[in-house]
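If you count the sequence shown from 1, position 222 lands on 243 in our numbering, and the numbers rise without skipping.
Yeah, the Cβ is synthetic: ideal placement off N, Cα and C, and Gly gets one too.
Accompanying notes for the structure given below.
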Amino acid sequence: MTRFIDLSIPITNDVVSDPEVMRPKITYMTHESTWQQIAMFFPGLEKDDLPDGEGWAVESLTLSTHNGTHMDAPWHFHSTTDAGASPAPSIDEAPLDRFFRPGVKLDFSHLPHGHVVTGAEVAEAFERIDYAVQPLDIVLVQSGAIYGTANFTDQGVGLGEEATLWLTDHGVEVVGTDAWSWDAPFSHTAKRWAETRDPSIIWEGHKAGRIRPYYQIEKLTNLAALPSHGFTLSCFPVKIERASAGWIRAVAMVEE
């Protein structure tokens, strides 16, 4: 029997999962108020002509490609990849065979918020679960961020350049996190930046994509329900022309 585990957050007005300037907005048009939309196609139609006087339910959304659970393309990170040798692909150019693959979960939720995971810590995490990473595995990070709680965008660990390149060097091309970003929260990085003025720490995990291309899922949820490995992940992105990201419905399948 296959057990399906939903790893996607909803796009909603009610739960804050983005900074205020980036929040999505959903406008709901209900059965009671939309009969006139139908009447536009049928001149002379009156409300009472429709069963129970009801129109249709339709929603209008204002949102970014980075709202909700979504997949970042290498184009989001930098204009080029392969150390400058190739243009970075956008989400509509993504190879679909990468998005239905065996999944692995690494749990870093015991580490403090803002911690930048190193390559050595990634290697140790695989050792803890007694699993040897395989090329094209999808690697998910349980970061310690908890969707639906206050200050969600400030929560969780991030994976830095070293950790990201460790994964891509082992053939991983798709990764994901249940935090707002693959990198450490900006609020934590900003404190380090104020002390060091080292620009290499800013968005360093993302910027690793300019060296080797990879695709990155953000704002997953429910990763605690997953085993460390032995599941398949489906995470196909919506095809948006020349876009830096696309929304996904991330679903894990566990055979029981």
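Determine which residues share a DSSP beta bridge with residue i and list them.
i      : result
Ile238 : Met92 and Gly197
Gln163 : Asp128
Ala266 : Asp93
Asp27  : Val272
Glu183 : Paired residue(s): none; Glu183 is not in a bridge.
Thr101 : Pro108
Pro123 : Thr253
Val295 : Residue 295 is absent from the model: the chain starts at 22 and stops at 277.
Quick check: the Cα distance between residue i and residue j, rounded to an integer number of angstroms?
i      : j      : result
Asp204 : Trp224 : 6 Å
His250 : Val195 : 15 Å
Leu28  : Asp73  : 38 Å
Ala106 : Leu82  : 38 Å
Ile26  : Ala273 : 5 Å
Arg270 : Glu276 : 19 Å
Lys68  : Tyr49  : 19 Å
Gly140 : Gln163 : 16 Å
Glu142 : Pro108 : 31 Å
Leu244 : Asp219 : 33 Å
His134 : Thr210 : 11 Å
Ser221 : Phe252 : 35 Å
Phe147 : Val154 : 7 Å
Ser38  : Phe173 : 6 Å
Ile47  : Arg149 : 43 Å
His66  : Thr90  : Correcting the residue identity first, residue 66 is Leu in this sequence and not His. Near 41 Å, if we compare the C-alpha coordinates of Thr90 and Leu66.
Thr23  : Ser255 : 13 Å
When you compare each of the options to residue i by their alpha carbons, which one comes out closest?
i      : options                           : result
Arg119 : Gly197, His97 and Phe98           : Gly197
Gly181 : Met274, Leu244, Ile167 and Ser202 : Ser202
Ala200 : Ile159, Gly226, Thr242 and Lys228 : Thr242
Ala144 : Ala184, Gly169, Val125 and Pro156 : Ala184
Thr33  : Thr51, Pro72, Leu71 and Asn88     : Asn88
Glu80  : Arg44, Thr23, Val137 and Thr51    : Thr51
Asp151 : Gln57, Val125 and Lys228          : Val125
Phe207 : Pro31, Pro40 and Thr23            : Pro40
Val36  : Val162, Arg213, Tyr168 and Asp70  : Tyr168
Arg122 : Val42, Gln163 and Asp158          : Asp158
Val160 : Leu84, Met22, Ala245 and Ile238   : Ile238
Phe257 : Leu117, Glu148, Lys240 and Thr170 : Leu117
Met43  : Glu75, Arg24 and Leu84            : Leu84
His227 : Leu247, Leu254 and Val137         : Val137
Ser54  : Pro45, Leu66, Pro31 and Ala78     : Ala78
Ala166 : Lys240, Thr86, Leu254 and Glu75   : Lys240
Touch check for the segment 220-233 and the segment 178-189: three-plus C-beta pairs under 8 Å? yes
Between the segment 113-128 and the segment 244-263, are three or more C-beta pairs nearer than 8 Å? yes
Could you tell me whether the segment 165-182 touches the segment 120-137, where touching means 3 or more Cβ pairs closer than 8 Å? yes
Do the segment 264-273 and the segment 86-95 touch if we need at least three Cβ pairs shorter than 8 Å? yes
Would you call the segment 46-63 in contact with the segment 97-110, where contact means no fewer than 3 C-beta pairs closer than 8 Å? no
Unbroken stretches of the alpha helix (DSSP H), 4 residues or longer, contained in the segment 38-96: 56-60
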